Amino acid sequence: MNIWAAPTNAELLDVIADSVAFGAVAANAHPYLKSLVDGMDTRDGQLFNVQTSNGMTPLMLAAARGYIECVWWLLEGGADPIMEDDDGETALAAAETSEVAGLLLDRGLDPLVGHGGWQALRLASHEGNVALASRLLDAGVAPDGGDEFDPDGPT
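1 is the number of the first residue of the sequence shown in my numbering; add one for each residue after it.
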């Protein structure tokens, strides 16, 4: 964007969309997200698949805060559960609760992308959610994280 020229309508809409989606999630305003989704002609995720400079999406923020209703409405509006941030992580790696992790898995998130499955397995173990832990193990998630950043494995 040329800082000396007036922004185009498309540029203004991008800024507004970023603010609306992230603002609604930050406020845990799931009724507002519902009204946005209900008013959409198509649920292509355009409004919700915006990213910050480090790649975070509104879905990642909602997952990180454990806002299950926001996660649900973002997904209903077409938010892409497999979008990755700059570190290659998805919303599953940020999930604050096993309920959020389970919903993301239900909506097609691959637990083997990034460290999301391993993080969800740690969460399920911590919360005693045997069903989610079994589901993740059956999907091929390694209990030790399968990587170099924690060779002893916390689970």
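Ideal Cβ positions, reconstructed from N, Cα and C, are used throughout, including at glycine. Computed from a prediction, not measured in an experiment: that's the story for all the values here.
Query                                                                                                                                                                                   : Result
If you run the structure through DSSP and keep just helix, strand and coil, what is Met40?                                                                                              : coil
Identify the continuous alpha helix (DSSP H) that holds Ser134 and give its terminal residues.                                                                                          : 130-138
Please work out which residues of its chain come closer than 7 Å, Cβ to Cβ, to Pro154, disregarding the five sequence neighbours upstream and downstream, and give them in chain order. : Confidence at Pro154 is low in this model, with a pLDDT of 46, below 50, so the placement of that residue should be treated as unreliable; the coordinate-derived value is given next. Answer for Pro154: Arg122, listed in chain order.
Which of the three DSSP states is assigned to Ser125 in this structure?                                                                                                                 : helix
Might you give, ordered along the chain, the residues of its own chain that have their beta carbon closer than 6 Å to the beta carbon of Met60, omitting 5 neighbours on each side?     : Ala91, Ala94
If we count Cβ pairs, one from each stretch, closer than 8 Å, do we get three or more for the stretch 64-73 versus the stretch 97-107?                                                  : yes
Given that a residue counts as buried once 16 or more other Cβ atoms are within 10 Å of its Cβ, and exposed if not, what is Val50?                                                      : buried
When the Cα atoms are used, what is the spatial distance from Ala21 to Ala27?                                                                                                           : 10 Å
Around the C-beta of Thr97, are 16 or more other C-beta atoms found within 10 angstroms, so that it is buried, or is it exposed?                                                        : buried
Please confirm whether any heavy atom of the ligand ADP lies closer than 6 Å to the CB of Val100.                                                                                       : This structure does not include the ligand ADP; it has no bound ligands of any sort.
Would Ala24 be called buried (16 or more neighbouring beta carbons within 10 Å of its own) or exposed?                                                                                  : buried
Just how far apart, CA to CA, sit Gly66 and Val100?                                                                                                                                     : 6 Å
Looking at Gly55 and Leu86, is the spacing between their C-beta atoms short of 7 Å?                                                                                                     : The sequence as given places Asp at residue 86; Leu does not occur at that position. In this structure, Gly55 lies closer than 7 Å to Asp86 by Cβ.
Confirm, please, whether the CB-CB distance from Val141 to Gly117 is below 7 Å.                                                                                                         : yes
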